[in-house]
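**Q** Just dropping this structure here.
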Amino acid sequence: MINYDVIIIGGGPAGLICAKVLDGTDKRVLLLEKNEALGDKICAGGLTRKGLAILHLPDDVIEHKIYETALHAGRYKSETHAPEPFVFTISRKSLAAWQSEQIKGDNIEIRTNVRVAEIGKRKVSLGDGTEIGFQYLVGADGVHSIVRKYLEIPTKKRLIGVQYTVPVKDPDPLLELYMNSRLFHSWYVWIFPHADNLAIGSICNPNILSPKKLLSNLNTWLKGKKIDITNAKYDTWPISYDYRGYQFGNIFLAGEAAGLASGFTGEGIYQALVSGEAIAHYILDSQSVFPAMDQILRYNAIQEKILRFLINAGPFRPAIFKSLILLLNNKWIKERIKRGFS
Ligand SMILES: Cc1cc2nc3c(=O)[nH]c(=O)nc-3n(C[C@H](O)[C@H](O)[C@H](O)COP(=O)(O)OP(=O)(O)OC[C@H]3O[C@@H](n4cnc5c(N)ncnc54)[C@H](O)[C@@H]3O)c2cc1C
Numbered sequence: 505m506i507n508y509d510v511i512i513i514g515g516g517p518a519g520l521i522c523a524k525v526l527d528g529t530d531k532r533v534l535l536l537e538k539n540e541a542l543g544d545k546i547c548a549g550g551l552t553r554k555g556l557a558i559l560h561l562p563d564d565v566i567e568h569k570i571y572e573t574a575l576h577a578g579r580y581k582s583e584t585h586a587p588e589p590f591v592f593t594i595s596r597k598s599l600a601a602w603q604s605e606q607i608k609g610d611n612i613e614i615r616t617n618v619r620v621a622e623i624g625k626r627k628v629s630l631g632d633g634t635e636i637g638f639q640y641l642v643g644a645d646g647v648h649s650i651v652r653k654y655l656e657i658p659t660k661k662r663l664i665g666v667q668y669t670v671p672v673k674d675p676d677p678l679l680e681l682y683m684n685s686r687l688f689h690s691w692y693v694w695i696f697p698h699a700d701n702l703a704i705g706s707i708c709n710p711n712i713l714s715p716k717k718l719l720s721n722l723n724t725w726l727k728g729k730k731i732d733i734t735n736a737k738y739d740t741w742p743i744s745y746d747y748r749g750y751q752f753g754n755i756f757l758a759g760e761a762a763g764l765a766s767g768f769t770g771e772g773i774y775q776a777l778v779s780g781e782a783i784a785h786y787i788l789d790s791q792s793v794f795p796a797m798d799q800i801l802r803y804n805a806i807q808e809k810i811l812r813f814l815i816n817a818g819p820f821r822p823a824i825f826k827s828l829i830l831l832l833n834n835k836w837i838k839e840r841i842k843r844g845f846s
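Every position in the sequence shown, counted from 1, becomes a number in the numbering used here once 504 is added.
Structure representation (structure tokens):
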């Protein structure tokens, strides 16, 4: 049996950044990705400034730098024109291609089209029965993580995401969010501009709105907005925010395998990057501390509190959404937000 110091399962942002940190070290690393192409993941492709700061992405990988947002609740609307871009849209395939190009050392081997079928004590088995040994195992294998299942960690807190990719020529670099309690409960519809399309989607807890109902509500909303989806591509995928730790002896969970996405916004790329980095640093030096990891746990906890507040608000939710818009339109608050962005 061939042995590696580290096996990483999953070539998403978490797995690739973990491999990047281990690049050029004395660790022999194998990254296994079940898909033929890296980055084949349904996503709105929105990266915040914090995510960009970790990656140092060059401009040609960024599709839009967003300075302007519009937040809607019924007839009410709040617009922000930030002095600096605060969200960046990327294509997941380009992000994955760029991340993998940055890995140059001989100590890292990336194999695609290879599905890990089973995990055992210090070894993984591939779909064809090959067994490969490891000293450390990193489960960066997303929401349906086989590593998480091996560790017998349940996933109870999940969202369902539904999204259309609508072809549009030169879309405006404007990010729009629409809150509508009747159709989307405590969540919202997003419109993220990309190079030649708009990502339009929504998320919800499937126990509150079934995936079927969420899609039907999104279709109703799109019809109301007269957005043509005849040539659009439709996708759906779950999101996990059921975090229960990331280190389990010599086995680690990163990104969504660890349940590190936000239960309110569905954002998960930044958390995937931070956790992938933290795990690699820990493997290199078990004394290393990674404060950004604690920050994302605090950030996710705040998001969950907001979500609980909105869910519990019941019939008052539409009034809360409208009040939020009025608050954001307050001159003093607007100025503070602007300053926060610069
Ligand atoms: C509709 C939607 C929109 C979203 N929009 C955004 C957004 O705008 N911004 C944002 O920050 N986040 C967004 N997210 C969340 C984001 O996509 C995820 O949180 C992020 O991709 C998590 O990264 P990851 O590396 O942990 O896992 P993933 O990106 O899911 O990567 C896991 C990888 O593991 C591979 N894999 C799984 N099992 C195996 C196996 N057995 N063997 C080998 N390989 C395996 C998969 O093929 C996959 O490539 C969105 C999610 C959804 C559903």
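Yeah, the Cβ is synthetic: ideal placement off N, Cα and C, and Gly gets one too.
Going by alpha carbons, who is nearest to Arg748 out of Arg626, Gly633, Glu656, Val533?
**A** Taking the sequence shown and counting its residues from 1, the one referred to as residue 748 is at position 244. The shortest C-alpha separation from Arg748 is found at Glu656.
**Q** Does the beta-carbon distance from Tyr847 to Ala736 come in below 8 angstroms?
**A** Nothing can be reported for residue 847, as the shown portion of the chain is limited to 505 through 846.
**Q** Nearest CA to the CA of Asn507: which residue from Asn804, Ser649, Gly637, Glu680?
**A** Mapped onto the sequence shown, residue 507 falls at position 3. When only C-alpha atoms are compared, the closest one is Gly637.
**Q** Quick test of your reading: Cys708 and Leu718, contact by CB under 8 angstroms. State the CB separation rounded to the nearest angstrom.
**A** Along the sequence shown, one-based indexing puts residue 708 at 204. Along the sequence shown, one-based indexing puts residue 718 at 214. Indeed they touch by this definition, with Cβ atoms about 5 angstroms apart.
**Q** Taking the straight line between their C-alpha atoms, what separation do you get for Leu535 and Lys627?
**A** Locating residue 535 in the sequence shown gives position 31, where the first residue counts as 1. Locating residue 627 in the sequence shown gives position 123, where the first residue counts as 1. Taking the straight line from one Cα to the other gives about 14 angstroms.
**Q** Which residue wins for smallest C-alpha separation from Thr529, given the options Ile612, Phe825, His698, Arg662?
**A** Walking along the sequence shown from the start, residue 529 turns up at place 25. Nearest C-alpha to Thr529 among Ile612, Phe825, His698, Arg662: Ile612.
**Q** Distance, Cα to Cα, Ala823 vs Lys625?
**A** By one-based count along the sequence shown, residue 823 stands at place 319. By one-based count along the sequence shown, residue 625 stands at place 121. Spanning the two alpha carbons is a distance of roughly 54 angstroms.
**Q** Please identify the residue among Ala644, Pro675, Met505, His698 whose C-alpha is closest to the C-alpha of Ile566.
**A** Here the question's residue 566 lines up with position 62 in the sequence shown. Taking only the C-alpha atoms, the option nearest Ile566 is His698.
**Q** Using 8 angstroms as the threshold, is the C-beta distance between Tyr692 and Ser706 below it?
**A** Residue numbering aside, residue 692 sits at position 188 when the sequence shown is read from its first letter. Residue numbering aside, residue 706 sits at position 202 when the sequence shown is read from its first letter. Cβ distance < 8 angstroms, so Tyr692 and Ser706 count as in contact.
**Q** Could you tell me how far apart the beta carbons of Gln459 and Ser766 are, in whole angstroms, since I believe they sit closer than 8 angstroms?
**A** Outside the displayed span of the chain (505 to 846) sits residue 459, for which this structure offers no information.
**Q** Applying the 10 Å Cβ sphere with the 16-neighbour rule, what's the burial state of Lys716?
**A** Position 212 of the sequence shown, counting from 1, holds the residue named residue 716. With fewer than 16 other Cβ atoms inside 10 Å of its own Cβ, Lys716 counts as exposed.
**Q** Please determine whether the Cβ atom of Arg615 lies at a distance below 7 angstroms from any heavy atom of ligand 1.
**A** As a first step, residue 615 is located in the sequence shown; it is residue number 111 there, counting from the start. Flag unset: Cβ of Arg615 not near ligand 1.
**Q** For Ser649, is the classification buried or exposed, using 16 other Cβ atoms within 10 angstroms of its Cβ as the cut-off for buried?
**A** Locating residue 649 in the sequence shown gives position 145, where the first residue counts as 1. Ser649 should be labelled buried.
**Q** Just to check, is the beta-carbon of Trp725 closer than 7 angstroms to a non-hydrogen atom of ligand 1?
**A** Locating residue 725 in the sequence shown gives position 221, counting from the first residue. Trp725: no, Cβ never under 7 angstroms from ligand 1.
**Q** Looking at Asn539 and ligand 1, is the gap between the Cβ and the nearest heavy atom below 7 angstroms?
**A** Here residue 539 refers to the residue found at position 35 when the sequence shown is read from its first residue. True, at least one ligand heavy atom lies under 7 angstroms from that Cβ.
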